[in-house]
Each structure stands twice: as C-alpha cells, then as structure tokens.
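Numbering (my numbering), first residue to last: 19 to 144. Note that beta-carbon positions come from the ideal geometry of N, C-alpha and C, so glycine has one too. Report on the following structure.
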C-alpha cells in the first residue's frame, strides 16, 4: 500500500513537472515556441498560449486532492495533448530530433494514471 502511494506521487510529480515545464514557454509565447509550433508544425500562433494555459490547469487538477471526475478529465486532456504532439511530430519531418522520444512522456502519463487508480482502490484506512 505504501509502495503504491509512493509510486503514484513519484509518477504524478514527474508528469506534472514535464507538462507544467512545457506549458511555461507556451503561455509566455516565446520565440522558440512560435518557431516550433507555428513555424515547424504549422499551428496558428493564437493556439499556443491556449494550449499552455490548458496544460497548466490540467496539472493543477491532477495535483490537488479530491475532485476525481476533474482528475479524469485532466488526465484525458493532458494525454490527448501528448498524443497530438506525438502525431504532429511524426507527420512533419523534424530535423531537430526524432518524434518517438514522445513515447517516454506518454509512458509517464500512463504510469501516473495507472497508479492514480491503484491508489483509489486502496482501502480508506491505508
């Protein structure tokens, strides 16, 4: 039981760190984000801060205690963001690096979500 809770928090904090860290340049609309998301992938510039704010709200939702339905939606939204980013990088030739490194982040999301449900299944006294 204790191991499940520890692994839940380890995976959740790592996942939150990755997602929150990637949202900061998007919210600030840095030149690198514009170059990558707009220039390389072709998404409109006005979408970039929206994605960043949505990721920040998702991270907050998975970190605060309670609100199980909100957490489910947050995990779904963050995972959808990662899947869309993986697909976009796959479909657009990227000379800056491979697209398949995104599977590491998807695996991290899966581990956080799996251990979230394992933690929910623990007895209330644990």
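Cα-Cα separation between residue i and residue j, rounded to whole angstroms
i	j	result
residue 95	residue 135	17 angstroms
residue 114	residue 55	13 angstroms
residue 138	residue 124	21 angstroms
residue 103	residue 141	37 angstroms
residue 63	residue 45	11 angstroms
residue 91	residue 80	9 angstroms
residue 42	residue 58	19 angstroms
residue 85	residue 78	11 angstroms
residue 129	residue 34	12 angstroms
residue 71	residue 121	23 angstroms
Best match in the options for proximity to residue i [C-alpha to C-alpha]
i	options	result
residue 89	57, 142, 127, 41	127
residue 30	48, 97, 105	97
Under 8 angstroms between C-beta atoms of residue i and residue j
i	j	result
residue 133	residue 61	no
residue 117	residue 131	no
residue 66	residue 99	no
residue 37	residue 73	yes
Buried/exposed call for residue i, threshold 16 Cβ in 10 Å
i	result
residue 76	buried
residue 50	exposed
Alpha helix (DSSP H) runs wholly inside the region 64-136, at least 4 long, in chain order: Unbroken alpha helix (DSSP H) runs of no fewer than 4 residues, entirely contained in the region 64-136, are found at 65-81, 86-109, following chain order.
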